[in-house]
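Structure first, commentary second.
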Amino acid sequence: MTSFPLLSALIWLPILSGVLVLMMKNRPAMAKQFSLWSSIAVFILSLGLYTGFDTTTAQMQFVEQANWIPAFNIQYFLGIDGLSMPLIILTTFTTVLAVWSAFECIEDRVEQYMAAFLMMNGIMVAVFAALDAILFYVFWEALLIPMFLVIGQWGGPKRVYATIKFFLYTFFGSVFMLVAFLYMYSQIGSFSLLDFQAMPLSFVAQFWIFLAFLIAFAVKIPMFPVHTWLPDAHVEAPTAGSVVLAAIMLKMGGYGFVRFSLPMTPDAANYLDWLVIGLSLIAIVYIAFVALAQTDMKKLIAYSSIAHMGFVTLGMFLLYGILRNTGEMQGAILGLEGAMIQMISHGLISAAMFLAIGVMYDRLHTREISAYGGVVNTMPVFAVFMLIFAMANAGLPGTSGFVGEFMVILAAFKANFWIALAAATTLIFGAAYTLWMIKRVIFGDVSNHHVAEMKDLSRREFMIMLILAIGIIGLGFYPAPVMDVMHASVEHLVQQAMTSKLP
Amino acid sequence: MSMHNIFLTILLSPLVGAFIAGVFGHKIGRSASHRITITSVTISTVLAAYVFYQYVFNAAEAYNATIYTWMVSDGIRFEAGFMIDRLTATMMLVVTFVSLMVHVYTIGYMDHEEGYERFFSYISLFTFSMLSLVMANNFLQLFFGWEAVGLVSYLLIGFYFKRESANQASLKAFLVNRVGDFGFLLGIALVLGYFGTLDYASFFDGLNAHKDTVIAVGDTQVHMLTLLTMLLFVGAMGKSAQMPLHVWLPESMEGPTPISALIHAATMVTAGIFMVARLSPAYELAEGTLTFILLTGAFTGLLMGVLGIVQNDIKRVVAYSTLSQLGYMVAALGVSAYAAGMFHVLTHAFFKALLFLAAGSVIIAMHHDQDIRNMGGLAKKMPITYGALLVGSLALIGFPAFSGFYSKDGILLAIDAANGWAPALAYGMLMIGVFVTAFYSFRMFFMVFHAPASDYVRTHEIHESPWVVTVPLIMLAIPAALFGGFFVEDILFGSMLSDAIKVLPEHNVLARVAEHGASAGALLLHGLMALPTWLALSGVALAWFLYIKRPDLPPVLARRFSGVHATLRHGYGFDRFNEVVFVDGTRKLAGFFARVTDARIIDGWVVNGTANLIGAGAKMARHAQTGYLYHYAFVMIFGLMGLLAWALL
Chain R
1 MTSFPLLSAL
11 IWLPILSGVL
21 VLMMKNRPAM
31 AKQFSLWSSI
41 AVFILSLGLY
51 TGFDTTTAQM
61 QFVEQANWIP
71 AFNIQYFLGI
81 DGLSMPLIIL
91 TTFTTVLAVW
101 SAFECIEDRV
111 EQYMAAFLMM
121 NGIMVAVFAA
131 LDAILFYVFW
141 EALLIPMFLV
151 IGQWGGPKRV
161 YATIKFFLYT
171 FFGSVFMLVA
181 FLYMYSQIGS
191 FSLLDFQAMP
201 LSFVAQFWIF
211 LAFLIAFAVK
221 IPMFPVHTWL
231 PDAHVEAPTA
241 GSVVLAAIML
251 KMGGYGFVRF
261 SLPMTPDAAN
271 YLDWLVIGLS
281 LIAIVYIAFV
291 ALAQTDMKKL
301 IAYSSIAHMG
311 FVTLGMFLLY
321 GILRNTGEMQ
331 GAILGLEGAM
341 IQMISHGLIS
351 AAMFLAIGVM
361 YDRLHTREIS
371 AYGGVVNTMP
381 VFAVFMLIFA
391 MANAGLPGTS
401 GFVGEFMVIL
411 AAFKANFWIA
421 LAAATTLIFG
431 AAYTLWMIKR
441 VIFGDVSNHH
451 VAEMKDLSRR
461 EFMIMLILAI
471 GIIGLGFYPA
481 PVMDVMHASV
491 EHLVQQAMTS
501 KLP
Chain Z
504 MSMHNIFLTI
514 LLSPLVGAFI
524 AGVFGHKIGR
534 SASHRITITS
544 VTISTVLAAY
554 VFYQYVFNAA
564 EAYNATIYTW
574 MVSDGIRFEA
584 GFMIDRLTAT
594 MMLVVTFVSL
604 MVHVYTIGYM
614 DHEEGYERFF
624 SYISLFTFSM
634 LSLVMANNFL
644 QLFFGWEAVG
654 LVSYLLIGFY
664 FKRESANQAS
674 LKAFLVNRVG
684 DFGFLLGIAL
694 VLGYFGTLDY
704 ASFFDGLNAH
714 KDTVIAVGDT
724 QVHMLTLLTM
734 LLFVGAMGKS
744 AQMPLHVWLP
754 ESMEGPTPIS
764 ALIHAATMVT
774 AGIFMVARLS
784 PAYELAEGTL
794 TFILLTGAFT
804 GLLMGVLGIV
814 QNDIKRVVAY
824 STLSQLGYMV
834 AALGVSAYAA
844 GMFHVLTHAF
854 FKALLFLAAG
864 SVIIAMHHDQ
874 DIRNMGGLAK
884 KMPITYGALL
894 VGSLALIGFP
904 AFSGFYSKDG
914 ILLAIDAANG
924 WAPALAYGML
934 MIGVFVTAFY
944 SFRMFFMVFH
954 APASDYVRTH
964 EIHESPWVVT
974 VPLIMLAIPA
984 ALFGGFFVED
994 ILFGSMLSDA
1004 IKVLPEHNVL
1014 ARVAEHGASA
1024 GALLLHGLMA
1034 LPTWLALSGV
1044 ALAWFLYIKR
1054 PDLPPVLARR
1064 FSGVHATLRH
1074 GYGFDRFNEV
1084 VFVDGTRKLA
1094 GFFARVTDAR
1104 IIDGWVVNGT
1114 ANLIGAGAKM
1124 ARHAQTGYLY
1134 HYAFVMIFGL
1144 MGLLAWALL
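Protein chains in written order, with the working numbering: chain R, 1 to 503; chain Z, 504 to 1152.
Written as structure tokens, this is what we have:
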């Protein structure tokens, strides 16, 4: 396995190409083509992780380890398992679409815009691959910078407010995480995540570490009540920024729970699972209502993202309730795998929704629902895609949106009937806010002359939509290939989360 | 070809047709689109007929096999698969046959309409979805099919997407169905939770062990199977439009008539009844649920029928009659007469599809005017349609020897044979319903065909529809008249559905009915002298009296009983109630959450309060760096990366 450092390549190649693109000042066409092809190359390269993956083990794979700052035993330590691998491929995949989607709508400082996305690609892969806490933290925070720039430079009119809010919120959260890392380091003298997972911890320590993690990850996901940065960030962000934000960055929070909270502080997680479950249900029910009231399409989808991420956090923290309620573990894996597949699925669906809204925004330069109406008359092909994505957003079977929600609801029932009942309301509300928007935007007679002049999808837009639609429907009809790579790791995770770490 | 491949071909052939017509429809053109979809559905129909023959007449073995494994998680296999027995084989034939008739009919009905290819694609897609629902051998695929037919229904109700009312109706249909699915999904969660499988066969195997299992819901102990079957039935109430989830069906008439026949009368809306029959081993163990089902069906059967009397839109009359007939089927399930319920599903599929298509033929002739007050005197102008509507109406009201006679009588006799107050109440209500059915059916029939011709009819050229319309009518009229008499013994008293439907001996009301004679002849003889027939005939007579003999009376009656009339016109106020309580209530709550909790409290007080303090500082910093900020940040990244790289080397 040591022959080719694939993970390093997936981190540094995009960053390096980002640097190269930065030099292509005043050559926007070249910058675009180079960015697209290099991101495609990285995506293809990342498929090597899937083909070379050993699904039978929960051990870290593709491991690379080197000293970075030996004085503090900080290492350049990379590796993946079934939890992170799908997220990495989702990252490289999304980057291709994000870069390609920006070909026409960005005219200003193209090379910098493209470079930002290429660098983000490398940084996000690094976040999912890092097995050293400091390495993880560096990349976790580094990601804020390009995203901050993308929103701040190419964003909407209120971008300053949105970027500051975005920055403060996430910075605020991660500081607690850093403190938790430092505490654990002080106990064992290592920053290795695997050591963190193995070390014994007193309940009090676990309690505070769990809360520190919770704050960091809850902001990122985001969970109620620290979610209000997301709608603003989305509304101000350019389309590709929204895509990366929704498809990947939110997943970093979910990933944090399975890589840090559950295995490192299992006793505290067991003790405080009600808190996460409660906040998840608020996300699913309350946020759905908030989504219903939105008049801005991007805000609506942003809120819907929060509601869908509620299923991720819910699925992850059901296991203790299942054990308490039924006395056995059957269902725990279902919930966790449901959460994981929900992350992948939401990556595809939210990317698709934001891209679709971007397509309309490029034509009318507004995201207000009331400015549209009857788009199907002028953009029939687009309308088909929009409807597919909307149905996926509403969790229709046969789309990826169904898989995770279905699994989490089934698992939730094992823990508590009322949790399942509350979660299942998404069937009604998810459909309500999504299809009501579709009704007002897509259907009806042409509502005004702006809509009448809208042109249907260009070839490039069509290809992007088609790729996403195939992904969403493919995963809906055959989730097994993605599911199979997770089993060993999720089983291992359940074991970790169920093993007390009290000294 | 192995049976497995035959089943696969039946299932997938319409999907292929739908895909080609949907994706390449505008390239290959209108006639190619309808040829391809009709060919694909014909293949399914022919093979389904072969399967039906093999199962019903040659007693082929029930078939239960996996198509592919959707996924495995937590040791549970989630699969797609076939369970084919005589119940399935019968449903498959009915679905494909009616679908084929509707496909052919659509050539005539949708001629000159925009979205012709799209329409064919949708109805083929529907056929695939419905087949995957009835052929399923597990709850996952059942739910797939269940939601897929809902999706196609949504698309077809909103087919005329320029019309606001159509979009409203499609959204409403989807959401109301989702309310049902909410219960349905929880029911499935219970199945998995207690039986550890979604497979029908394993579920049935586990039933005995869980016969008396109780489950704590809050502080109360609930019989698990009662809760499970109730939740699943909530799904059936949505799909099969039982009160109070019936509200979407009348508005679904916004869709083109062919799909009203196929989806909202013959097939999709009967999915709930099929589901209960398929899961009869579980329902048998839940007495409470059965009583609930019985009463739901009885109330729907009578109250929705009454609404049919005050409708003036020809399609709405038929729609309310569908609601009412669905109530009859559901009521039969409630007394464990699953076979009787399914029998009515089958006969109803034929005669209701016939009624809808005949109504559509009238609508074509009337140049898409659907108000029966503007018709009259059409009998001589369109004799085939006239005959078709007559056959359909006679079957619907249960005129002796027609299909509907046997199936409706079967239901009434079964309910009569059951003991207790609930069956007695249901029997009384459904008996009145027979009279009501006959009255509204022939009210429409007389107003369309025998009343004096309206100005419109006299001044416009009105002629019989083309053969693509009339041939399906004739093809459907045959089973609408004869199917019942031919199959009544096998279905109600014989073994035709007994491999799928399980009834406890003490619940077996149909066996009690059989004691009085279990042949078509005996039923016919008994029926001629029994109350339902005479109720039906008096309903027809009253309709004739009020709308042919004394057409001046109905308006007088409407004025005299204006309160009652208004209540009926507004459908007992269900829509109004839903609008005020659920729609407005939800919107208000949503607005409150968005504006007050989210925007003002969290964002306004907590976040911005803090942010304003820091924001002031950040603003100053920003001023100092304007224009250089992004350079700065990139330098920061490089610095970090450089540091990292340096350390590595």
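Built from N, CA and C at the ideal position, the CB exists for glycine as well.
For Asn670/Z, the three-state secondary structure derived from DSSP is helix.
Arg946/Z and Ser673/Z have their C-alpha atoms some 29 angstroms from each other. Residues of the segment 441 to 470 of chain R with a C-beta atom less than 7 angstroms from some C-beta of chain Z are Phe443, Gly444 and Asp445, listed in chain order. Interface annotation for the segment 646 to 661 of chain Z against chain R: Phe646, Phe647, Gly648, Trp649, Glu650, Ala651, Gly653, Leu654, Tyr657, Leu658 and Gly661, criterion Cβ-Cβ distance under 9 angstroms. By the 16-neighbour rule on beta-carbons within 10 angstroms, Leu805/Z is buried. A Cβ of chain R is located within less than 7 angstroms of the beta carbon of Phe664/Z.
A residue is called buried once 16 or more other Cβ atoms fall within 10 Å of its Cβ, and Ile145/R is buried on that count.
As a beta-bridge residue in DSSP terms, Glu368/R pairs with Asp296/R. Glu64/R is outside the set of residues whose beta carbon lies under 7 angstroms from a beta carbon in chain Z.
Within 8 angstroms of the CB of Ile626/Z, no CB atom of chain R is found; the nearest one sits about 17 angstroms away.
Rounded to the nearest whole angstrom, the C-alpha separation of Ser505/Z and Asp1002/Z is 22 angstroms. Taken in chain order, the members of the segment 547 to 578 of chain Z whose beta-carbon sits within less than 9 angstroms of a beta-carbon on chain R are Tyr571, Thr572, Trp573, Met574, Val575, Ser576, Asp577 and Gly578. Here His726/Z is bridged, per DSSP, to Val717/Z.
Around the CB of Asn561/Z, fewer than 16 other CB atoms lie within 10 Å, so the residue is classed as exposed.
In the structure shown, Arg1053/Z adopts coil according to DSSP, grouped into three states.
Contact annotation for Leu695/Z against chain R: Leu410 and Phe413 [CB-CB distance below 8 angstroms, chain order]. For Leu748/Z, no Cβ of chain R is located within less than 7 angstroms of the residue's own Cβ. Residue pairing from DSSP places Gln75/R in a beta bridge opposite Asn67/R. Interface flag for Ile523/Z against chain R is unset, since no Cβ pair is found closer than 7 angstroms. Looking from the CA of Glu141/R, the closest CA among Met329/R, Thr170/R and Phe128/R belongs to Thr170/R. With a cutoff of 7 angstroms on beta-carbon distance, Ala422/R and Val312/R are scored as not near each other.
Burial is judged here by how many other beta carbons sit within 10 angstroms of a residue's own beta carbon; Met885/Z has at least 16 and is buried. In this structure, the beta-carbon distance from Ala780/Z to Tyr841/Z falls below 7 angstroms. Sequence-distant Cβ neighbours of Phe948/Z in its own chain, meaning closer than 6 angstroms and more than five residues away, are Ser896. At least one C-beta of chain R is nearer than 7 angstroms to the C-beta of Gly1094/Z.
Within a 10 Å sphere around the beta-carbon of Ser656/Z sit 16 or more other beta-carbons, which makes this residue buried.
Relative to Thr760/Z, the option among Leu810/Z, Tyr703/Z, Val820/Z and Thr803/Z whose CA is nearest is Val820/Z.
Using a CB distance below 8 angstroms, the part of the segment 416 to 440 of chain R facing chain Z consists of Phe417, Trp418, Ala420, Leu421, Ala424, Thr425, Leu427, Ile428, Ala431, Ala432, Leu435, Trp436 and Lys439, ordered along the chain.
Cβ contact annotation for Met778/Z (same chain, cutoff 6 angstroms, sequence separation greater than five): Ala739, in chain order.
Nearest Cα to Leu16/R within the set Leu49/R, Leu90/R and Leu118/R: Leu118/R. Proximity of Ile766/Z to chain R, defined by a Cβ-Cβ separation below 7 angstroms, is not satisfied. Among the residues of chain Z, those whose CB is under 8 angstroms from the CB of Ala293/R are Arg1090, Ala1093, Gly1094, Phe1096, Ala1097 and Arg1098, following chain order. Ser516/Z sits buried, since 16 or more C-beta atoms from the chains shown fall within 10 Å of its C-beta.
Of all residues in the segment 324 to 357 of chain R, those with a C-beta nearer than 7 angstroms to a C-beta of chain Z are Gln330, Gly331, Ile333, Leu334 and Glu337, reading in chain order. Phe677, Leu678, Arg681, Val682, Asp684, Phe685, Leu688, Leu689, Ile691, Ala692, Leu693, Leu695, Gly696 and Gly699: these are the residues of the segment 676 to 700 of chain Z whose beta carbon lies less than 8 angstroms from some beta carbon of chain R, given in chain order. Its chain contains Ala882 and Phe952 as the residues whose beta carbon lies nearer than 6 angstroms to that of Tyr889/Z, once the 5 sequence neighbours on both sides are disregarded; these appear in chain order.
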